[in-house]
Each structure stands twice: as C-alpha cells, then as structure tokens.
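Structure, as structure tokens:
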Amino acid sequence: MDPTITEAAPPESVSQEAIIKALSIVISTKANLYMMNHHTGQGPLAGYAKKVVMVQYPSWRDNDNSVVTCVHTIGHWASSIGIFNIAGVPGVKAVSGPTYTKTINVVLSNDAKLRFAGMPAGTARHSITYEGAKRLVRSMLGQLCPGLNDFLVLPGIRKAIMENRIQYHIGASYFTGRGRADFEDTSAEDFLGRIGTFILSMMPKSTLAQSPHLTQNKVKSYPDYDPQWANTLIQFKASAAAGAGEALKKVINASSAATPESLEKIKNDLS
C-alpha cells in the first residue's frame, strides 16, 4: 500500500493489472454504498468490498485500519453517481463535471451487477422481512405462525421499492436530485418478531440470521414477538431431533393457524 495515495490523486505509474485491481475495488466500494450506504462498512472492511479485496489481496486483513483506509481512499477515486450509472441503476441523475477514464472501458462483471440490482441501503429490514417470510411460508411450520395473513402486504411493499430503487436509497436526494420516497424501514419491525424468531431458530447459520437487525435481544423487542411461537419452534426442533416425523405432521395439521387456501395465496404472493 502506497502511503502517498490520496483520494484526489491516484498513482501515475502503475501497471494495467494494478489499474484493473484498483477499478475492481472502486466498483466493490460503490456496490457497498448502494447496499449499505458505506464504502467500506463501519469498522472492519465489510460487504462486497471485503469479498473483492480478500480475493485480490489474500494477505491483507479486513480489520487492519491501514487496509480499510486504503480501500476507502481508492473507493473515492471515482464518482459514485458515475459508477451507479454504469451499473445501470435506474433513476440516477447524469454525471456532472469532468470524468477521467482515459482509455479504460469500465465493464461490470455479472457478480458486481447483482450487487446493484437488489434492495438499496435504507430498506434492510424490509429485505430481511420479505426473504424470511418467503422461507417461512414454504416450510411445514408456516401454517403455525400466528397472524400469517399479515405478511400479504410484504410483496406490494417490495414491488414499490424495486420499481424505483434509488428513490428509496438513504442517499436518494444526492443520487437523484429529488427527495427520498416517503418510507420508513422501521415499519418492517411489525413482522420481524415472528419472522426473526423463525430465522434464528430454523436457519441460524444463514446469511439472514447474521443481520444486526436479528440479534436475540432485538427480535424479542419487536412488537409482534410471540413467546408461544418461539416455544413452538423449540418443540418442533426437539421432536425433529427425536425422529418423531409423523407425530409432528399430525400436530401441525391440527394446530394450523391458516387455511390451505390462504397459505397457498401467501406462498404465491411471496414468490
């Protein structure tokens, strides 16, 4: 890492390979900005930037302050608005001012494009809620979840976000020149008690379960948290471990909180 590198001045004499690596890092930090509203994360290197950097420089440590500073600096060598436009994020305003690409043709990999195609920063709770609900209603436990019909509103919320993603981004006013959509991500907390309980109980090693919005204490603090639902999942896991498959099916069918018709509708809507 070159200590003379600054945000305003990338090094002049570098190889083509180094340029490609640096550009990959730039794009990875902008993907982070789209998904997390941070170029590198808060604290250690995180998100897509961490993935890219650790592949390119496996000897670097993600919690090394000098590494984080270096990656953060490289990330600011390019316009965020410019990269968002190259990534094809709809609704982003045009780049103003000069751009310095010289002869470099910036083409994003499919992996990088995916990072700019999902729910934007500022919608994390709703993203978790939607993805968790999809898995819940497709499990045999879905019909036991209290208030299952509550989840029918989730597809509509997600559709509205995905149709105008950048307008829901925390930095919408910067990227579009207009105010952010009227949206409160915290409204998803009305579902995260039940969905979070399911994720932590039945999918503890999943990416969803690692979300800071799904710590045990947070899940228990959400308004829809239901101790009885949590106990149902504990009993299910214990019975499953004991191999009581048929007995479990009978209990589930007898205790269903949703009709087969309503459950099927929810499954279809959460496709």
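Plus 863 on top of the position in the sequence shown (first one is 1) and you've got the numbering used here. The beta-carbon is built from N, C-alpha and C at its ideal position, and this holds for glycine as well. This one's a predicted model, so the numbers in the text were calculated from it and none came from an experiment.
Item, Value
"Rounded C-alpha distance that separates Val877 from Ala885", "10 Å"
"CA nearest to the CA of Met1066, picked from Lys1100, Asn1080, Ser1084 and Ala1051", "Lys1100"
"Cβ pair Val916, Val930 closer than 9 Å", "yes"
"Asp1089 in three-state terms, based on DSSP", "coil"
"Unbroken stretches of the alpha helix (DSSP H), 4 residues or longer, contained in the region 873–927", "879–899 and 910–919"
"Simplified DSSP assignment, three categories, for Phe1046", "coil"
"Option nearest Phe1014 by Cα separation, candidates Gly1042, Asn948, Thr936 and Glu1052", "Glu1052"
"For Lys1068, three-class secondary structure by DSSP", "coil"
"Pro983 (DSSP reduced to helix, strand or coil)", "coil"
"For Asn973 and Met864, the rounded distance between their alpha carbons", "At Met864, the pLDDT of 44 sits below 50, so the modelled position is not reliable; the number obtained from the coordinates is stated separately. Computed Cα separation, rounded: 28 Å."
"Rounded separation between Asn1131 and Lys1022 - CA only", "14 Å"
"Inter-residue spacing [alpha-carbon to alpha-carbon] between Ala980 and Ser1084", "31 Å"
"Reduced DSSP secondary structure (H/G/I, E/B, other) of Leu1011", "helix"
"Same chain, Cβ closer than 6 Å to Val969, five either side skipped, listed in chain order", "Ile949"
"Start and end residues, alpha helix (DSSP H) containing Ile1020", "Leu1017 to Glu1026"
"Distance between Val958 and Gly945 (C-alpha atoms, nearest Å)", "6 Å"
"DSSP state of Ala1117 mapped onto helix, strand, coil", "Here the model assigns Ala1117 a pLDDT of 49, short of 50, so the residue's position is not dependable and the matter cannot be decided."
"Tyr993 to Asp927 span [Cα, whole Å]", "35 Å"
"Among Gly1010, Pro921, Ile888 and Phe1046, nearest to Ile1058 - alpha-carbon criterion", "Gly1010"
"Cβ-based neighbour list, Gly1056, same chain, cut-off 7 Å, excluding 5 preceding and 5 following", "Val1082, Tyr1085, Pro1086, Asp1087, Tyr1088 and Asp1089"
"Under 9 Å between C-beta atoms of Ile882 and Pro953", "no"
"Rounded C-alpha distance that separates Pro1018 from Glu880", "44 Å"
"Reference Thr932, options Ser922, Gly904, Lys956 and Pro921, closest by Cα", "Gly904"
"Coil, strand or helix - Leu1133 by DSSP", "coil"
"Pair within 9 Å by beta-carbon distance, Ser1050 and Ile1097", "no"
"For Ala941 and Ser1069, the rounded distance between their alpha carbons", "33 Å"
"Sequence-distant residues of its chain with Cβ nearer than 8 Å to Ile897 (five each side left out)", "The sequence given here has Tyr at residue 897, not Ile. Result list for Tyr897: Phe947, Ala950, Val952, Arg978, Phe979, Pro983, Ala984 and His1032, in chain order."
"Distance CB(Leu971)-CB(Ile888) smaller than 9 Å", "no"
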